[in-house]
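The numbering used here applies: residue 231 is where the sequence shown begins, and numbers increase by one.
Cβ atoms here follow ideal geometry from the backbone N, Cα and C, with glycine treated the same way.
Below is one structure, written out as structure tokens; comments come after it.
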Amino acid sequence: MKRETFFLKAVVVLMGLPVVALCIFIIPEIATFLVELVPSLSYLQYPFMIGLYASAGIYFVALYQVFKLLGYIDQDLAFSDLTVQVLKNIKRCAAAIGGLFILFMPLIFMMGDLDDAPGLVLIGLIIIFACMVIAVFAAVLQKLLQNAIAIKQENDYTI
């Protein structure tokens with residue numbers, strides 16, 4: 231295994247640890263806080279938790295795709311259709327997480343408004359913005375990689 235990709239793989243694993251901690255400790259607390267804050271919306275506690283856990287699951291799928299991409303780079307398959315597919319999956323994961331947070335933004339806004347904590351809304355907006363930036367960046371890389379693969383194949387056929 232190459233040293234550069236080993237470091238990046240370790241970083242990918244380390245990126246997953248805070249999300250695991252959030253899923254175990256913070257998400258149930260946030261859902262309970264929502265019920266305490268607005269008892270009339272207690273029926274939204276479990277859909278809210280399911281949405282947050284779904285976004286965490288999609289995040290782990292995206293991390294796995296990044297791990298696969300680094301594996302393809304190790305195997306000298308960086309300019310292949312496999313990497314294009316991985317980038318497409320990463321783009322879809324980022325868009326899905328952003329979409330889930332857009333769906334739950336009214337609840338986050340209501341929680342921030344009732345608790346007088348505008349930081350909640352800001353955190354939600356930052357997550358949505360980051361997801362969209364990642365999705366656009368992955369789409370641009372996907373297109374560039376497709377063009378590079380096409381040029382490489384053209385050059386392989388040229389004598």
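Cβ neighbours of residue i in the same chain (closer than 7 angstroms, five flanking residues each side left out)
i: T313; result: L299, Y302, L307 and L375
i: L371; result: L317
i: K382; result: F309
i: G354; result: F331, M335 and I338
i: F297; result: K239 and V242
i: Q275; result: A261, L264 and V265
Supposed close pair residue i, residue j - CB separation, criterion 8 angstroms
i: I358; j: L350; result: About 13 angstroms separates the two Cβ atoms, so there is no contact after all.
i: A261; j: F278; result: 6 angstroms
i: V249; j: A286; result: 5 angstroms
i: L264; j: M341; result: 6 angstroms
i: L267; j: L344; result: 5 angstroms
i: G328; j: A365; result: 7 angstroms
i: D311; j: I379; result: 7 angstroms
i: D346; j: K232; result: Actually they are not in contact, since the Cβ atoms of D346 and K232 sit about 50 angstroms apart, beyond 8 angstroms.
Residue range of the alpha helix (DSSP H) that includes residue i
i: C323; result: D311 to L344
i: Q295; result: Q275 to D304
i: C253; result: Unbroken run through C253: none, as it is neither H nor E.
i: P269; result: It is not in any alpha helix (DSSP H) - P269 carries neither H nor E in the DSSP assignment.
i: K373; result: P348 to Y387
Other residues of its chain near residue i: CB distance less than 6 angstroms, five sequence neighbours each side excluded
i: C253; result: A286
query: Would the segment 312 to 332 and the segment 284 to 293 be scored as touching if the rule is three or more Cβ pairs under 8 angstroms?
result: yes
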